[in-house]
Amino acid sequence: MPRCLRRGVCHYGYDARNRAASIGIGIAEPAYREKGYGTEAMRLMLDYGFNELNLNRVELTVSSFNPRAIHVYKKVGFKEEGILRQCDYNDGQYYDVLVMSLLREEW
Ligand SMILES: CC(C)(COP(=O)(O)OP(=O)(O)OC[C@H]1O[C@@H](n2cnc3c(N)ncnc32)[C@H](O)[C@@H]1OP(=O)(O)O)[C@@H](O)C(=O)NCCC(=O)NCCS
Numbered sequence: 016m017p018r019c020l021r022r023g024v025c026h027y028g029y030d031a032r033n034r035a036a037s038i039g040i041g042i043a044e045p046a047y048r049e050k051g052y053g054t055e056a057m058r059l060m061l062d063y064g065f066n067e068l069n070l071n072r073v074e075l076t077v078s079s080f081n082p083r084a085i086h087v088y089k090k091v092g093f094k095e096e097g098i099l100r101q102c103d104y105n106d107g108q109y110y111d112v113l114v115m116s117l118l119r120e121e122w
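Quick note: the sequence shown uses the numbering used here, first residue 16, plus one each step.
Dropping the structure here:
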């Protein structure tokens, strides 16, 4: 695995026709979490998406098993817009997955 992926990853899935994108983030090494990098990376990705790619909408999904990620996404402006029921199987249990989005007019 490339060294950068062992540290973490940010990805953008870009839908030019609808000026929409789905994004994701993961800091692979636990030692680098909870230091503000995830919040900063999300803000940089959103800035790039709205200001450079001219997006109207950015969306993501996150398991309800992951309150830290949900906190970060809400902090940068994402709103909950739907629930995929019992979509994530983790540690022997099913968890709902939240669909969250942020619109250009809210950024
Ligand atoms: C989710 C992730 C990207 C967040 O990045 P990070 O750098 O760790 O987060 P930050 O340091 O920017 O912010 C963490 C915030 O979550 C809060 N937090 C931590 N644990 C929490 C919990 N159990 N419930 C609610 N909030 C929590 C912290 O207090 C902090 O909030 P604050 O800045 O308002 O005080 C990162 O932790 C990560 O990659 N985790 C593993 C992979 C993952 O979960 N990816 C997301 C998949 S959708």
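Quick reminder that beta carbons are idealized off the backbone N, C-alpha and C, glycines included.
Simplified DSSP state of residue i, which is helix, strand or coil
i	result
Glu120	helix
Ile38	strand
CB contact flag (residue i, residue j, <8 Å)
i	j	result
Val87	Leu117	no
Ile38	Met60	yes
Arg32	Asn71	no
Ile40	Gly51	no
Beta-carbon separation (whole angstroms), residue i vs residue j, contact threshold 8 Å
i	j	result
Trp122	Gly97	Trp122 to Gly97, Cβ: 20 Å. No contact.
Tyr47	Arg22	7 Å
| field | Contiguous alpha helix (DSSP H) assignments of at least 4 residues, all confined to the stretch 54–118 | value | Restricted to the stretch 54–118, the alpha helix (DSSP H) segments that are unbroken, complete and at least 4 residues in length are 82–90, listed in chain order.
| said: Contact between the stretch 57–71 and the stretch 99–116 is defined here as three or more beta-carbon pairs at a separation below 8 Å; is this criterion met? | reply: Too few Cβ pairs lie closer than 8 Å, so no.
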